[in-house]
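Start counting the sequence shown at 0; every next residue gets the next number (numbering that gives the first Met the number 0).
For glycine and all other residues, C-beta sits at the position ideal for the given N, C-alpha and C.
Below is one structure; the comments refer to it alone.
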Amino acid sequence: MDKLSDRVKRLGYSQTFVMSNKAREMKAAGIDVISLTLGEPDFDVPDNIKQAAFDAINQNYSHYSPVPGFAELREAVAFKLKRDNNLDYKPTQICVSNGAKQAILNVLASVVNDGDEVLLPVPYWVSYDEMVKMMGGTSVMLPTSYVTDFKITAEQLEESITDKTKVILFSSPCNPSGGYYTYDELKSMAKVIAKYPHVTVISDEIYEYINYETKTTSIAQFPEVYEQTAVINGMSKAFAMTGWRIGYSACPEWLAKACEKIQGQMTSGANTMAQRASITALKTNPSEYKYMIDAFQKRRDLVYDLMKEIPGFKVLLPKAAFYFFPDISYYIGKTLNGMEIKDSDDFALFLLEKAHVGCVGGVSFGSPECIRFSYAASEEDLREAMKRIKDALSPFNS
Ligand code: PMP
Ligand code: GLU
């Protein structure tokens, strides 16, 4: 009998970590690799947040917290949701988790039964489809393209909802496309979703602050879907706290209770020092941390100018988050330096091996014709990476 469960056999590894590990191994072997793989801010955690964590250690916050998080942190989350998103949540509607990743998993585990369908607009974040599989659900991909800014329409959504649809799950701002749904687009989507009360929306807003245009809208702001929506957010991107592992969900009470039940059996409350520090992070005026957004914007502009010059890359200017997701279908079906490029994962391997630039192929984002570059890296590395890619591809474009 096979020792492994069917569940784990269904799963793939997280491609973001696979590619970053490959880049790390090459670096360890002495190869000068520029890794634009993992999406994580390259800034240090701001000093006031660090200080709050030191204080928490000194004040002996070393015991279990309540499963859904310290009351003060849930109050701070509610305060943030009101201040930034004009959303009304009570602390009892909030569940603090080990990163937004667990917050999403808690919600999926709470609502998805075997065989239920989860709608995923393409491209989706790598873990969504795998999490759906973990919960026994089936993902239904809603196609989009480079031409439509990688966004679905309300009509497309309506055509895709069936009796089996349990969830629609999307990130706005989007990892990997860097686009986001406007107020009007979300309003039309909310109108559709409200007609199907058996559908839960998981709105992943973790890139909310990393946004170079107008403030983004949360779909939960539309009263007709508030009771159907789980808002997901966290500390990783906004405060450069990826390793501190704090995220949260804000849901209707019945769903928040279900998340607490799941988490209570799985991991208990999140790390207490990181929770205390998160209170400080959320209560600080976001303008204090804007220097990170300004730096990302400068890098985005730099990469856009350089990437546009790479033959065969179709590039959109990302409006938010810190990724480029160019369409590289020009190279698919070609043989580059003896490597057959069947899809963008092969192309990402080619770039890693020949240009020594790490990125993530689009296959696990649902877009085998695109690749993802994180530009949360120094300007010097970004400049050099674009040069290396252009040089590595030049023999195939002359
Ligand atoms: N959602 C999206 C869209 C992401 O890119 C990530 C990656 N950090 C997460 C959720 C999970 O974030 P974390 O678990 O670090 O809070
Ligand atoms: N979310 C980041 C990314 O997309 C970190 C890796 C992960 O959590 O999968 O690269």
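For residue 209, three-class secondary structure by DSSP: For residue 209, the three-state secondary structure derived from DSSP is coil.
Exposure label - residue 6; buried when at least 16 CB within 10 Å: A residue is called buried once 16 or more other Cβ atoms fall within 10 Å of its Cβ, and residue 6, having fewer, is exposed.
Contacts around residue 318, its chain only, beta-carbon distance under 8 Å, and the 5 residues preceding and following it disregarded: So the qualifying residues of the chain are 172, 177, 178, 179, 210, 211 and 212.
Which of helix, strand or coil DSSP assigns to residue 180: DSSP places residue 180 in coil when its eight states are reduced to three.
Option in 169, 201 and 165 with minimal Cα separation from residue 195: Residue 165 is the option with its Cα nearest to residue 195.
Secondary structure of residue 10, DSSP reduced to three states: Residue 10 falls in the coil class under three-state DSSP.
Residue 244, DSSP secondary structure in three states: In the structure shown, residue 244 sits in coil (DSSP, three-state: anything other than H, G, I, E or B).
Beta-carbon proximity check, residue 396 vs residue 268, cutoff 9 Å: Their beta carbons are not under 9 Å apart, which means residue 396 does not touch residue 268 by this criterion.
C-beta neighbour in chain C for residue 47, strict 9 Å: The chain labelled as chain C is not found in the depicted structure, where only one protein chain is given.
Nearest candidate by alpha-carbon position, reference residue 299, set 333, 124, 45 and 316: The candidate whose alpha carbon is nearest that of residue 299 is 316.
Chain-order list of residues whose beta-carbon lies under 7 Å from that of residue 217 (same chain, five-residue window excluded): These residues qualify, in order along the chain: 84, 86, 202, 204 and 230.
Any non-hydrogen atom of ligand 2 within 8 Å of residue 37 CB: Ligand 2 approaches residue 37 closely enough that one of its heavy atoms is under 8 Å from the residue's Cβ.
Opposing strand residues paired with residue 319 [DSSP bridges]: Looking at the DSSP assignment, residue 319 forms a beta bridge with 210.
Residue 355 burial status per 10 Å Cβ neighbour count (16 or more: buried): Burial call: buried.
Cβ separation of residue 374 and residue 35, assumed to be a contact under 8 Å, to the nearest whole Å: About 7 Å separates the Cβ atoms of residue 374 and residue 35, confirming a contact at the 8 Å cut-off.
Enclosing alpha helix (DSSP H) for residue 53 [first to last residue]: Counting along the chain, the alpha helix (DSSP H) containing residue 53 begins and ends at 46–57.
Best match in 261, 226, 256 and 275 for proximity to residue 245 [C-alpha to C-alpha]: Out of 261, 226, 256 and 275, 275 has the C-alpha closest to the C-alpha of residue 245.
Whole-angstrom C-beta distance between residue 105 and residue 415, which should lie under 8 Å: This structure does not reach residue 415, given that the chain is present from 0 up to 397, and the question cannot be answered.
Inter-residue Cα distance where the pair is residue 141 and residue 346: Approximately 24 Å between the Cα atoms of the pair.
Distance cut-off 8 Å: residue 233 Cβ against heavy atoms of ligand 4: Inclusion of ligand 4 in the displayed structure is not the case, the ligand content consisting of ligand 1 and ligand 2 alone.
Coil, strand or helix - residue 336 by DSSP: Of the three classes helix, strand and coil, the one that applies to residue 336 here is coil, per DSSP.
Option nearest residue 75 by Cα separation, candidates 90, 61 and 63: The residue with the shortest Cα to Cα distance from residue 75 is 90.
Contact set for residue 328: own chain, Cβ-Cβ below 6 Å, skip 5 residues either direction: Contacts found: 368.
First through last residue of the alpha helix (DSSP H) which encompasses residue 301: For residue 301, the enclosing alpha helix (DSSP H) stretches over residues 289–306.
Among 12, 0 and 21, nearest to residue 358 - alpha-carbon criterion: Ranking 12, 0 and 21 by Cα distance to residue 358 puts 21 first.
Collapsed DSSP secondary structure at residue 116 in the structure displayed: DSSP, read as helix, strand or coil, puts residue 116 in strand.
beta-carbon residue 203 near ligand 1 non-hydrogen atom, thresh 8 Å: In this structure, residue 203 has its CB closer than 8 Å to one or more heavy atoms of ligand 1.
Proximal residues to residue 401 (C-beta, below 6 Å), its chain only, five neighbours per side dropped: Nothing can be reported for residue 401: it is not among the residues displayed for the chain, which extend from 0 to 397.
Close-in-space but distant-in-sequence residues of the same chain around residue 55 (CB under 6 Å, 5 per side omitted): Answer for residue 55: 272 and 275, listed in chain order.
Residue 107 burial status per 10 Å Cβ neighbour count (16 or more: buried): Residue 107 is classed as buried because its beta carbon has at least 16 other beta carbons within 10 Å across all chains shown.
C-alpha gap between residue 333 and residue 344, whole angstroms: Distance from the CA atom of residue 333 to the CA atom of residue 344, rounded to whole angstroms, is 13 Å.
Alpha-carbon to alpha-carbon, residue 366 and residue 233: In this structure, the straight-line span from the alpha carbon of residue 233 to that of residue 366 is close to 26 Å.
Touching by the beta-carbon criterion (3+ pairs, under 8 Å), the region 253–264 and the region 286–297: Contact fails: fewer than three Cβ-Cβ distances are below 8 Å.
Beta-carbon proximity list for residue 116, same chain, < 6 Å, skipping 5 on both sides: A distance below 6 Å between beta-carbons, with the five flanking residues on each side excluded, links residue 116 to the following residues of its chain, in chain order: 137, 139, 163 and 164.
Any non-hydrogen atom of ligand 1 within 8 Å of residue 246 CB: Yes, the beta carbon of residue 246 sits closer than 8 Å to at least one heavy atom of ligand 1.
Cross-strand partners of residue 228 (DSSP beta bridge): Residue 228 pairs with 200.
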